[in-house]
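Some notes on the structure that comes next.
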Amino acid sequence: MALSVTNSLTDEREAFEPTGDEVLVYVCGLTVSDDPHLGHARLWTHADVIARWLAASGYDVRHVENFTDVNEKIAARVGERPEWDTEADVARHYIARVIEYMRGLNFRRATVYPRVSEHIPEIIELVETLIEAGHAYEANGSVYFDVTTFDDYGKLSNQQPDDLEAQGDPDERSEKRNPADFALWKAGGVAPDAIEEHAKHDHGDDHPTGQTWESPWSEGRPGWHIECSAMSMTHLDDTIDIHIGGHDLVFPHHENEIAQSEAATGQQFANYWLHTGLLQTDDEKMSSSLGNFFTVEDALEKYGPNVIRTFYLSTEYGSKQTFSEAAMAEAEERWERLERTYHAAVAACDSVDATAKAEDSDLRAAVSDTTEEFTAAMNADFNVREAMAALRSLTTAVNRHIEEAEPYDYQGLKAAIETFESLGGDVFGLQFDTETDGDVALASEVVELVLDVREAEREAGNYDRADDLRDSLADLGIEVQDSDDGPTFRFE
RNA sequence: GCCAAGGUGGCAGAGUCCGGCCUAACGCAGCGGCCUGCAGAGCCGCCCAUCGUCGGUUCAAAUCCGACCCUUGGCUCCA
Numbered sequence: 001m002a003l004s005v006t007n008s009l010t011d012e013r014e015a016f017e018p019t020g021d022e023v024l025v026y027v028c029g030l031t032v033s034d035d036p037h038l039g040h041a042r043l044w045t046h047a048d049v050i051a052r053w054l055a056a057s058g059y060d061v062r063h064v065e066n067f068t069d070v071n072e073k074i075a076a077r078v079g080e081r082p083e084w085d086t087e088a089d090v091a092r093h094y095i096a097r098v099i100e101y102m103r104g105l106n107f108r109r110a111t112v113y114p115r116v117s118e119h120i121p122e123i124i125e126l127v128e129t130l131i132e133a134g135h136a137y138e139a140n141g142s143v144y145f146d147v148t149t150f151d152d153y154g155k156l157s158n159q160q161p162d163d164l165e166a167q168g169d170p171d172e173r174s175e176k177r178n179p180a181d182f183a184l185w186k187a188g189g190v191a192p193d194a195i196e197e198h199a200k201h202d203h204g205d206d207h208p209t210g211q212t213w214e215s216p217w218s219e220g221r222p223g224w225h226i227e228c229s230a231m232s233m234t235h236l237d238d239t240i241d242i243h244i245g246g247h248d249l250v251f252p253h254h255e256n257e258i259a260q261s262e263a264a265t266g267q268q269f270a271n272y273w274l275h276t277g278l279l280q281t282d283d284e285k286m287s288s289s290l291g292n293f294f295t296v297e298d299a300l301e302k303y304g305p306n307v308i309r310t311f312y313l314s315t316e317y318g319s320k321q322t323f324s325e326a327a328m329a330e331a332e333e334r335w336e337r338l339e340r341t342y343h344a345a346v347a348a349c350d351s352v353d354a355t356a357k358a359e360d361s362d363l364r365a366a367v368s369d370t371t372e373e374f375t376a377a378m379n380a381d382f383n384v385r386e387a388m389a390a391l392r393s394l395t396t397a398v399n400r401h402i403e404e405a406e407p408y409d410y411q412g413l414k415a416a417i418e419t420f421e422s423l424g425g426d427v428f429g430l431q432f433d434t435e436t437d438g439d440v441a442l443a444s445e446v447v448e449l450v451l452d453v454r455e456a457e458r459e460a461g462n463y464d465r466a467d468d469l470r471d472s473l474a475d476l477g478i479e480v481q482d483s484d485d486g487p488t489f490r491f492e
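Residue numbering for the first sequence follows the UniProt record's numbering, starting at 1 and increasing by one per position.
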């Protein structure tokens, strides 16, 4: 069954047909003015899983994810720390952190992470093209896109220029021919009142107003929307396959990207637009400006990557999702069951001879059903919740096999393990093997010793002592479970 | 005001594109049984849904059409 996706451009589920040998994917990335929060990580996770699924489906994927490192909010934070002398210093600091978190959350690396500051020439060139084509005009050193020159304006968001409330700051508005026109280039540095608004520290009147660049029109800064068009065209092509971004960017950002890109090239900018639903807390969206966010750093510390991913993968990318402690607790239960089953399967598999002939047809049927159902679900607009349900049915089959079968089906278990690794691991980015470093290995040996002592106490009937040992281990974050084959444990 | 998405059991959340296999998936919580010295895990089973409201189309609607109510997002920086 072939992949189909819901395209926000047409609002329809469409068969996915890439234009070339490589699938070209652009993800509207982060403005690096602050620590990223769980709302950002939700977009990244879904983008990551989409890219992984395309790769698993046999496509070569060229995945570009930008960092916006030129922005008023970034400029406003210059000087907040002694080492933050320039806008670039602040941006560099946050980009390094984001990369670290992305690694922590086990994302596939994008092909390129372009930055606005490195694409000023391409941006200027694109703006020149638009002016020459009559789609843009200069006013007092700034350049604006004239929305009345682009007939399809509004095709993504269905917003019509006439319906819009006047936007932008008053000075800018007076320069525009139409209220809905938007800036491609802004003369000068960041306005002092913008610095004032976004600065998180006391600053004097001489606060730096951000970096500026030479251009044919003025020494100034690029507009917000033009960067994505320039970087998408530079690193991908005039027409790309998939553009992914948050729902909050549909208007004006993506609408404007389409206008300026298609006006410049005459080509369709992106064939498929995928918009991810926003993360909410207490019935409003999580956002930097509302201050109701949970940072990726804190979440990684508190829940770890697998629980966070399991949480995100319990809803489809296009739906909104509500963050709560209860939801995270549920994700933790879901993840732990999967992880426990995986390890139980590995242990059971290790306990039998590879040449053993036992065969459990139920288990083997479950393996093939799982792959089939998982594939069907992912191909239906990346329905990760259904795909997860398929994986879930495999955990039940594996556990039942371990519970009831005697002897174990070596080949069946092996196939199940491989399925967990390819679907749960490679596609969902979950990590089953986390106990690899030396300290953990040593700790495991010590726990084994303690459990030997506890077994001796149990055999002697000293259950109080055995329970004390188990409780003490639990206090250290080590969960002990007794079974017919002896005790097992895991680190929480 | 304008544009968009959504309203399904205690919670969460699929299914809605292409009406029938939906007497509504996978879960979390809860309850019972097996197993166990106990606990946990696991297995088996159970509980909870007139699918926002009203009307229409149809042999048949959670799924299509219309009206209305409510929630969220966008229209200003925002994933």
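The C-beta atom is built at its ideal place from N, Cα and C for all residues, glycine as well.
- As computed with DSSP, Ser229 is found in no beta bridge at all.
- Around the beta carbon of Glu406, fewer than 16 other beta carbons lie within 10 angstroms, which makes this residue exposed.
- Linking Ile242 to Val384 through their CA atoms gives a straight-line distance of about 18 Å.
- DSSP, reduced to helix, strand and coil, places Asn383 outside both helices and strands of the structure shown, so it counts as coil.
- Per DSSP, Leu430 lies in no beta strand (DSSP E) segment and is marked neither H nor E.
- Apart from sequence neighbours up to five positions away, the residues of its chain that approach Gly188 with a beta-carbon distance below 6 Å are Gly220, ordered along the chain.
- CA-to-CA, the gap between Asn178 and Ala191 works out to about 22 Å.
- Sequence-distant Cβ neighbours of Pro252 in its own chain, meaning closer than 7 Å and more than five residues away, are Phe182.
- The C-alpha of Ala259 is placed about 26 Å away from the C-alpha of Ala51.
- Ile74 places its beta carbon less than 8 Å from that of Glu87.
- Between Glu330 and Met388, the alpha-carbon positions lie close to 14 Å from each other.
- When the beta-carbon positions are compared, Ile120 and Trp213 come within less than 8 Å of each other.
- DSSP, reduced to helix, strand and coil, places Gln280 within a strand of the structure shown.
- Thr310 is not a Cβ neighbour of Thr395, given a cutoff of 8 Å.
- Counting other Cβ atoms within 10 Å of its Cβ, Glu359 stays below 16 and is therefore classed as exposed.
- For Phe311, the enclosing alpha helix (DSSP H) stretches over residues 305-312.
- Scanning its chain for C-beta atoms nearer than 7 Å, with the 5 sequence neighbours on each side dropped, one finds around Glu479 the residues Phe489, Arg490, Glu492, in chain order.
- Segment contact: the stretch 8-18 against the stretch 346-354, fewer than three CB-CB distances shorter than 8 Å; contact not assigned.
- No Cβ-Cβ contact shorter than 8 Å links Asn7 with Tyr317.
- For Tyr144, the uninterrupted beta strand (DSSP E) segment begins and ends at 142-145.
- Secondary structure remark: continuous alpha helix (DSSP H) runs of at least 4 residues inside the stretch 39-116, in chain order: 72-76, 87-104.
- Relative to Asp353, the option among Ala456, Glu332, Asp248, Tyr410 whose CA is nearest is Tyr410.
- When the beta-carbon positions are compared, Tyr144 and Tyr137 come within less than 8 Å of each other.
- Sorting Ile240, His135, Val250 by C-alpha distance to the C-alpha of Asn158 places Val250 at the top.
- Ranked by Cα distance from Val70, the first of Arg115, Gly246, Arg81, Asp48 is Arg115.
- Distance from Val296 to Trp335 at the Cβ level is roughly 17 Å; contact not present, criterion being Cβ atoms closer than 8 Å.
- Here Ser261 is not near Ser289, since their CB atoms are 8 Å or more apart.
- Per DSSP, the unbroken beta strand (DSSP E) holding Leu30 starts and ends at 22-31.
- Contact annotation: Leu278 and His247 have beta-carbon atoms nearer than 8 Å.
- Residue His201 holds the alpha-carbon nearest to the alpha-carbon of Pro82 among Ala380, His201, Thr276.
- Closest in alpha carbon position to Leu274, among Leu3, Val27, Val23, is Val27.
- Pairing Asp34 with Asp89, the inter-Cα distance amounts to about 13 Å.
- Rounded to the nearest angstrom, the gap between the Cα atoms of Pro216 and Pro36 is 35 Å.
- Relative to Asp482, the option among Asp467, Asp362, Thr148 whose CA is nearest is Asp467.
- With a contact defined as Cβ atoms closer than 8 Å, Leu126 and Ala264 qualify at about 6 Å.
- Taking a C-beta distance under 8 Å as the contact criterion, Leu24 and Leu156 do not qualify as a contact pair.
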